[in-house]
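The sequence shown maps to residues 19 to 269 in the working numbering.
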Amino acid sequence: MDGYEIVLTADETLLAEYRNIPLGPFLSCIPSDPILSRAVHHLISPKSHANEEFLSLAPLGLRKFESALARDLRKDKVAVVSPKFIKKFIGEKTKVVGIHSMDPIGLGPVSTMFTMGGKYTPYTKYMTEKLLMQLPEDRNFKVVIGGPGSWQFEYKTEVAKQWGIDHIVIGECDRKAGEVMEQIIDGASTVIKIRDCPPAEEIPPNLGATMFSMAEVMRGCGRGCKFCQPNLRKARYIPHEIVRKDIEKKC
Ligand code: SF4
């Protein structure tokens, strides 16, 4: 099979509905090791979009990256697929497998709390490792991690190496998605930091529906709390028309 040139996915915890319980997705941070915890996770996440080959709903950040890539390259070169079926979409044409991440090694505050400081393995980490370990070892494509959790691999580069990650992308790619892909294909450094702050008008609208119907209405924050990550980014407000179109996207 030829496959797609660029295959995008996310770990299974980012595709589960968690019964639409408010804050339910935080249960992706509970340990995957004890039987009781496994039973709770099984009960609380019966419906997963990972059971669809092409994702009808995808995490918001993955949709943004998909849109930027489709604009810079061609839409038919990019597939947003389930981690369970990813091998079906990888073929001779595949140059990059891109993985959107939120808390891939379990270093976020909720995972750290639920796992007693890392004594156990949170589902976020378990599912990310499961996804990466199923990729063929003998391969002609690059494995790239992005999204708000990619910093964890810069902090733990030994885990990135162990799990077969070639590149770690950190930053806002909305204006540079195609450029970043070219760099990766041509052999960029392991950690790629994008120092860009696209104006709201240049953040592309989504091409498909998002998990939990999330729509981006603003990026960054101007309030100035010193401990906060969004505060590191300039505040921008997405134009109403784009927000409306994103909300209307149906799966
Ligand atoms: S905690 Fe962060 S996002 Fe919240 S108001 Fe402060 S700077 Fe903004």
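We put the beta carbon where it would ideally sit given N, CA and C, even for glycine. None of these values were measured; they are calculated from a predicted model.
Using CA atoms only, rank isn't needed, just tell me which of Ser-85, Ile-188, Lys-106 is closest to Gly-196.
Closest option to Gly-196, Cα to Cα, is Ser-85.
Does the contact criterion of 3 or more C-beta pairs under 8 Å hold for the segment 238-254 versus the segment 200-214?
Short answer: they don't touch.
In terms of alpha-carbon separation, which member of Arg-193, Asp-214, Pro-52, Cys-246 lies closest to Glu-220?
Nearest of Arg-193, Asp-214, Pro-52, Cys-246 to Glu-220, Cα basis: Arg-193.
Residues in the same chain with beta-carbon distance under 7 Å from Phe-107, minus the five sequence neighbours each way, listed in chain order, please.
So the qualifying residues of the chain are Gly-21, Tyr-22, Val-25, Ala-97, Val-99.
Tell me which same chain residues have a C-beta within less than 6 Å of the C-beta of Val-261, skipping the five on either side of it?
Closer than 6 Å at the Cβ level, and outside the excluded window around Val-261, lie Ala-233, Val-235.
Under the assumption that Gly-226 contacts Arg-81 (Cβ atoms under 8 Å), give the Cβ distance between them as a whole number of angstroms.
Rounded, the Cβ-Cβ distance is 6 Å, consistent with contact.
Just verifying my parser: in three-state terms, what is the DSSP assignment at Tyr-255?
Here Tyr-255 sits in strand by DSSP.
How many whole angstroms separate the CB atoms of Lys-268 and Pro-223, which I take to be in contact at a CB cut-off of 8 Å?
Going by Cβ atoms, the distance from Lys-268 to Pro-223 rounds to 14 Å, so no, they are not a contact pair.
Going by Cα to Cα distance, which pick from Asp-121, Asp-184, Thr-175, Asp-29 is closest to Lys-113?
Lys-113 has its Cα closest to that of Asp-184, out of Asp-121, Asp-184, Thr-175, Asp-29.
Express the C-alpha separation of Glu-110 and Ala-206 in angstroms, rounding to a whole number.
The straight-line gap from Cα to Cα measures roughly 21 Å.
On the DSSP letters alone, give me the boundaries of the beta strand (DSSP E) that Thr-27 sits inside.
That run of the beta strand (DSSP E) goes 24-28.
According to DSSP, is Phe-245 helix, strand or coil?
Phe-245 falls in the coil class under three-state DSSP.
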